[in-house]
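Peer 1: Mind having a look at this structure? Questions to follow.
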Amino acid sequence: MVDVQHWLAALPPGLICLPVGVVIGVESMGIPLPGEIVLVSAALLAATGAVGPEWVAAAAATGAILGDSIGYAVGRRGGRPLLERLGRRFPKHLGPAHLARAELSFARHGVWAVFFGRFVALLRILAGPLAGALRVPYRRFLVANAAGGLVWAFGTTYLLFYVGQAAEHWLKDISWAGLVLAVLAGVVSTAWLRRRAKRLHVPEPSDQPTPVPAADR
54 MVDVQHWLAA
64 LPPGLICLPV
74 GVVIGVESMG
84 IPLPGEIVLV
94 SAALLAATGA
104 VGPEWVAAAA
114 ATGAILGDSI
124 GYAVGRRGGR
134 PLLERLGRRF
144 PKHLGPAHLA
154 RAELSFARHG
164 VWAVFFGRFV
174 ALLRILAGPL
184 AGALRVPYRR
194 FLVANAAGGL
204 VWAFGTTYLL
214 FYVGQAAEHW
224 LKDISWAGLV
234 LAVLAGVVST
244 AWLRRRAKRL
254 HVPEPSDQPT
264 PVPAADR
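Residue 54 is where the sequence shown starts when you use the numbering used here, and the numbers rise one by one after that.
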């Protein structure tokens, strides 16, 4: 992440947000890229004053929403065969086991898998193409996609922005109150999102209990 932050810092201030939107957008189409790392790095740069946090958040949200929508259209046109081809191309990220887990999450949670999937690495990549392949109604997908993209982008950006500012202020003026409040806000919001996101987790096949044959019961 340090390398990514240095790379972004080397760009002119007006161009820092461009790779944020592009990387997150391509990741949301179904191509494994470090979208969250780029967002975190840009948000920390915003805390130093290199760029406005509102621009970072807006770029991330735009990339997430547009990327997911393009991924949805591609998935709807290509169907499951397209997802299987992606799995063969990126077996470590989108292999058969990953696809099965993502499909089961959609089956269990419906459109909520799109919203909370923005906070889960696997579903963040597969949500758009998988929703299209599974023929999720686009209106419902768009609402969940936009809501998840906005909450994820603005929440992550401003959380790190304020934590970064509080940390800098603490290092200069030993303002414990600001640092403690920022950290507590981050812990509470992150814990809540992780708790909700974990409900989308599907155990690996090896974690499933082995059925006992009828003769052995």
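C-beta: ideal position from N, C-alpha, C; glycine also. Because the structure is a prediction, the values reported are computed rather than measured.
#1: Along the chain, where does the alpha helix (DSSP H) containing F168 start, and where does it finish?
#2: Roughly how many angstroms separate the alpha carbons of G74 and V91, rounded to a whole number?
#3: Taking just the CA atoms, how far does F207 sit from E107?
#4: With a CB to CB cut of under 7 Å and the five nearest residues on each side skipped, what residues in its chain are close to Q218?
#5: Can you give me the start and stop residues for the alpha helix (DSSP H) that V73 sits inside?
#6: Is the distance from the Cβ of L136 to the Cβ of A186 below 8 Å?
#7: Let's test the definition: count the other Cβ atoms within 10 Å of the Cβ of G128 and tell me whether it reaches 16, buried, or not, exposed.
#8: Going straight from the alpha carbon of L86 to that of V79, what length do you get?
#9: Quick one, which of S81, A95, V76 has its alpha-carbon nearest A62's?
#10: Return the CA-CA distance between G231 and N198, expressed in angstroms with no decimal places.
#11: Using the Cα positions of R154 and R142, report the straight-line distance between them to the nearest angstrom.
#12: The alpha helix (DSSP H) that contains L98, what's its start and end?
#13: Please classify H151 as buried or exposed, where buried requires at least 16 neighbouring CB atoms within 10 angstroms.
Peer 2: Checking against the coordinates, here is how it stands:
#1: 165 to 170
#2: Computed Cα separation, rounded: 9 Å.
#3: Within the model, the alpha-carbon separation for E107 versus F207 is close to 8 Å.
#4: A100
#5: 70 to 82
#6: yes
#7: buried
#8: 7 Å
#9: Proximity to A62 across S81, A95, V76 peaks at A95, based on C-alpha coordinates.
#10: In this predicted model, G231 has a pLDDT of only 44, less than 50, meaning its place in the structure is not dependable; the value taken from the coordinates is given anyway. If you take the alpha carbons of G231 and N198, they lie about 33 Å apart.
#11: 18 Å
#12: 88 to 100
#13: buried
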